[in-house]
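Chemist:
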Amino acid sequence: MSKSQHNEKAVQEREQEIWKDATKKRDKKGEGSVTSQLEENIIKVEPGLSSLNRQLVVVENNFRLTNLELKLIETLFSLHRKFKTLKSQIDDTLVAEVVGPVTVLETRIKAPNSKEFRGERNAKDVKNFL
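Read left to right, the sequence shown gives residues 1 to 130 (UniProt numbering).
1) Does the Cβ-Cβ distance between Glu15 and Glu46 come in under 8 angstroms?
2) Roughly how many angstroms lie between the CA atoms of Leu79 and Leu94, to the nearest whole one?
3) Measuring CA to CA, which of Val58, Asn53, Lys20 and Lys84 is closest to Ile43?
4) What did DSSP end up calling Arg64 once you bin it into helix, strand or coil?
5) Using CA atoms only, rank isn't needed, just tell me which of Ser88, Lys87, Glu8 and Ile109 is closest to Asn53.
Structural data, given as structure tokens:
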């Protein structure tokens, strides 16, 4: 049982108790006075007020959700416009194909020069040379 159902049941039980008390008071007095009739009318109106309050809460929550949805839609449209702008800039860049002078510098690595092989070295020196 949800909280709202539990609260509604408690309100109904309280209304029944009030109704019984008002009826007992009227029976003790005889036919009933104007105030007891007003009390009965108030008791009849109170359930409608509690129902109206619950409906008002639902409407307020829906209003808040609607405002959030509107903000979300506005943000999405803004992002969509930015995306279109970026896409058009990319397309313009591709069409222009900016070609400027391209210079490629030759890369040289400075390495120590090895000594010439003179044939007088042993096998270990040859292996190290290679």
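Where a beta carbon is used, it is the ideal one built from N, C-alpha and C, also for glycine. As the structure is a computational prediction, the values presented were derived from the model and not from experiment.
Modeler: This is what the structure holds:
1) yes
2) 23 angstroms
3) Lys20
4) helix
5) Glu8
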